[in-house]
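The next block holds one structure in the form of C-alpha cells; read it before the comments.
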Amino acid sequence: SNAWPHGSLWSVMLRLHPPLLRYRLMVVGDDFGVNPFRDLGILTAFQKGLVNFASFLVNGENPELSAQLAKEGGLTDRLGLHTNLTEGFPISAPHTIPTLVGEDNRFRGKEGFFQAARDGLIQEADVRREIAAQSNRFQELTGQRPTYADGHHHVHVCSPLASCFATAFQQEGVLSTRIPDDTLFERSMTPDQRLLAATATGLSVWNGVPFYKHICDQAKKARPYYTNAGITSSDIFIGLGLMGANMSVPLLKNLVTSGFTSIDCDVKSAAETATGEPAQVMQVHLMTHPGCTPRPTEVEAKRLSDPFWYCYFTRSMDREHEMLVLSDSQLLEHVQSYPHIECAFLGQGLGSSLSTVHSRRNHNL
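Taking my numbering, the leading residue of the sequence shown gets 58, the next gets one more, and so forth.
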C-alpha cells in the first residue's frame, strides 16, 4: 500500500484523526530538470517524504538524464509539466515563436515575458505552439502525457494570456494546475517577512508593486478560465512567502496549523459557492524549491559552460535550507496536535538507492 516514509512530517499528519473539514496536501518540488543539483535535492526530498510531487522543466540542462533519474527513483508517476516560457531556449524552433524569444533565440526572461505580455507583444499562437512542444517533449521523456501542468514563474496565470494557457492545457489533456493566489501570505507573515519574501521571488518590485502581489492578483483573475476549461486546482495555495531563506520552522508551523483556521470560513464558503455542496476536504498546494548546493568548483565550471542554469537561485544555500526546514524535528512534533491534514498523491519514496543517483550525477558534472 502507498505510504510515506515513517516519521516524515506528512506521514505524521496522515496518521492523525481528521476533523470535519480536512486538508488534502500536495507538496510540490519545483524546477525538476533544471540541473543535476536540483534534481538530486528533489529526489532526496521525495525519498524522505518531504515532497510528494514534482514539476518537470523539460528544457533544462540535461532533461534526458533528469527523466532517467526520475524513473530510477520512482518519481515518474509523480511528475507534472513545469511550463517554461521565461528562461533558456525553447523546445520549438525559435523562428516559429518569434514573440516569445529575443535576438539570442532565448526566452525573454521573467521580467521581459510579463512586460511583453502586458504590452500586448506576445502572440497567443506562439504560446500554444510552445506549450504543445513542451507537452510532447514531456511525453518523449517520461512515456506519458502530463495530466498536471503549471508555469515556471507562474506564467500560466499572466492576465493577458491566462485564457490561452487554460485552453492550451485543456487541449494537451491537462486535468489539474496550481492557482497561486496565496491567501495565507499576508495573514501569516510579519512586514519584515513579507519584504524578505518579496525579494526572494525576484522582481521584488515591478511597476511599483511587489511581484508577489502581481502574481496573487493575476491568479485570482485566472482561476475562472481554468474552471471553465474543466481543469481543477487547489483551494489553498502556499509558497510565495516560503521561498529560500524566508522558509522557517515557525512560519511553516503557523501556516500548516493556525494559519489554515483563520481562512476556514472564507475558503469553505468559496468552495461551497463553486460546487453547490458543502466543502468537506480542502485541496492544499504547497510549493517548494529544494535542492543540493553545488561545490564552488562545480559552480564555476558550470557557470562558464551554461551560466543560465547556474544562476544565484539555483546555486544558493537556500535550496538546502528548504530541505532542512521541511525535515525539522520540531515541526514534526508540533503538527502532531493538529489532526487536520491528510496527503494526496501518496508516493513510496525512491525506488532505488540514492547512491545510484549520486553516481550518475557526479558522472555527468
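Note that beta-carbon positions come from the ideal geometry of N, C-alpha and C, so glycine has one too.
Bear in mind that the values here come from a model prediction, so they are computed numbers and not experimental data.
Inset, instruction - Mind checking which residues open and close the beta strand (DSSP E) that includes T224? - result: Element bounds for T224: not the beta strand (DSSP E) but the alpha helix (DSSP H), A219 to Q228.
Legend entry - G296 versus H209: straight-line alpha-carbon distance, rounded: 13 angstroms
Legend entry - Helix, strand or coil at T284 according to DSSP, with G and I counted as helix: helix
Inset, instruction - Would you grab the beta carbon distance between I288 and V231 for me? Rounded to a whole angstrom, and I think it's under 8 angstroms. - result: 6 angstroms
Inset, instruction - Determine the DSSP secondary structure at D292, reduced to helix, strand or coil. - result: coil
Inset, instruction - Within the same chain, show all residues whose beta-carbon is closer than 6 angstroms to that of Q180, passing over the 5 residues directly before and after it, in chain order. - result: T156
Inset, instruction - Tell me where the beta strand (DSSP E) around M344 begins and ends. - result: V338 to T345
Legend entry - Runs of beta strand (DSSP E) wholly within the segment 124 to 175 (minimum 3 residues, chain order): 136 to 140
Legend entry - Nearest residue (CA-CA) to P281, options G106, L383, S112 and T234: T234
Inset, instruction - Please work out which residues of its chain come closer than 6 angstroms, Cβ to Cβ, to P151, disregarding the five sequence neighbours upstream and downstream, and give them in chain order. - result: V158 and N162
Inset, instruction - Pair every Cβ in the segment 189 to 204 with every Cβ in the segment 134 to 153, then say whether three or more of these pairs are closer than 8 angstroms. - result: yes
Inset, instruction - Taking V115 and Q191 to be in contact with their CB atoms under 8 angstroms, please state how far apart those CB atoms are, rounded to whole angstroms. - result: 5 angstroms
Legend entry - Nearest-angstrom Cα separation, counted from V382 out to S305: 6 angstroms
Inset, instruction - May I have the straight-line CA-CA distance separating K105 from H271, to the nearest angstrom? - result: 34 angstroms
Inset, instruction - Would you identify the three-state DSSP class for R186, choosing helix, strand or coil? - result: helix
Inset, instruction - Find out if the Cβ-Cβ distance for the pair L142, F170 is shorter than 7 angstroms. - result: yes
Inset, instruction - Using the Cα positions of L132 and Q201, report the straight-line distance between them to the nearest angstrom. - result: 13 angstroms
Inset, instruction - Please work out which residues of its chain come closer than 6 angstroms, Cβ to Cβ, to K278, disregarding the five sequence neighbours upstream and downstream, and give them in chain order. - result: S216
Legend entry - Coarse secondary structure for T204, derived from DSSP in three states: coil
Legend entry - Option nearest E121 by Cα separation, candidates S290, D96, V108 and S291: D96
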